[in-house]
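Numbering (my numbering), first residue to last: 476 to 694.
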Amino acid sequence: MIANELISQTLFPVQTSDTGEEVLQQMQVYHVRHLPIVNHEQLLGVISEDDILIHEIKEAIGTYRLSFLRPYVIENEHLFEVMTKMGRFQLTVIPVIDKEENYLGVITMEDLLQYFATHFSFADPGSIIVIESARGHYSLAEIARVAESEDITILSSFINSIPDTNRIYITLKLNRQDVAGFKATLERFGYEVSASFSEMEYHDGLKDRFDSLMSYLNI
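Right under this line is the structure:
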């Protein structure tokens with residue numbers, strides 16, 4: 476999916492003639508902390524709640540002395556790039572422009588998270604395991620073969636770096652609750668399973684704690 480397919484149909488930009496108070500009211504309505512400033516279909520920048528609060532809110536934002544950050548995404552950029560830029564600038568919305576730099580609309584963080592939650596198997600039943608590995612050691616193809624040998628399907632995978640190291644976390648969403656065999660096989664291949672999460676493990680943990688409590692009470 477690309478940026479122009481997730482443009483909000485309800486959130487509108489502000490203009491330099493709008494007062495800080497009016498912009499704050501819009502932010503409250505849309506539950507965001509940023510809004511694009513647009514004049515004549517041209518993106519001027521993004522104003523934040525903090526920008527307004529250090530100025531006189533009764534005055535037009537065009538009179539403010541702002542740095543006018545101008546983050547944006549092009550309409551055909553992938554949503555991974557959208558997420559990267561929103562995270563880099565810590566935005567709650569990001570403007571979308573076309574190749575001629577005409578303003579097209581905005582993508583909200585809420586809509587972006589909703590899309591990822593719906594389309595990346597987050598809501599599918601199954602379990603999650605987290606593998607820790609040296610950056611150059613892991614092989615997704617090898618991990619996939621191990622999963623297939625255990626009759627497990629990898630629904631989605633994410634990789635993130637561990638700060639100040641050459642190691643990474645590989646997070647896998649799997650289609651099965653019982654992944655003990657998969658974890659054991661991974662460890663035989665030299666992978667370190669640092670965490671796992673499943674409804675089965677949760678209930679097993681509750682049962683263990685309940686049994687321990689009953690044993691204690693019987694004493």
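No residue lacks a Cβ here, since even glycine has one placed at the ideal position from N, Cα and C.
{"query": "Sufficient close CB pairs (3 or more, under 8 angstroms) joining the stretch 476-488 to the stretch 550-567", "result": "yes"}
{"query": "Coil, strand or helix - I532 by DSSP", "result": "coil"}
{"query": "Own chain, CB closer than 7 angstroms to R610, minus 5 neighbours either side, in chain order", "result": "N641, R642, I643"}
{"query": "Residue nearest to A622 in terms of C-alpha spacing, selected from P546, I536, S669, A659", "result": "A659"}
{"query": "Contacts around T494, its chain only, beta-carbon distance under 8 angstroms, and the 5 residues preceding and following it disregarded", "result": "I532, K533, E534, A535, I536"}
{"query": "Short Cβ contact (9 angstroms threshold) for I482 with V571", "result": "yes"}
{"query": "Alpha-carbon to alpha-carbon, G601 and L649", "result": "5 angstroms"}
{"query": "Straight-line gap, V581 to G520 (C-alpha atoms, nearest Å)", "result": "12 angstroms"}
{"query": "Own chain, CB closer than 6 angstroms to S673, minus 5 neighbours either side, in chain order", "result": "S602, Q652"}
{"query": "Nearest-angstrom beta carbon gap, V507 and V470 [assumed within contact, 8 angstroms]", "result": "Since the first residue shown for the chain is 476 and the last is 694, residue 470 is missing from the structure and cannot be characterised."}
{"query": "One or two residues paired with E607 in a DSSP bridge", "result": "Y644, E667"}
{"query": "Neighbour-count burial assignment, V654, 16 or more Cβ in a 10 Å radius", "result": "buried"}
{"query": "Endpoints, beta strand (DSSP E) assigned at Q484", "result": "Counting along the chain, Q484 falls outside any beta strand (DSSP E), and DSSP gives it neither H nor E."}
{"query": "Backbone CA spacing between T628 and I618 [nearest angstrom]", "result": "11 angstroms"}
{"query": "Length-filtered (4 minimum) alpha helix (DSSP H) runs lying within the stretch 573-631", "result": "584-594, 615-624"}
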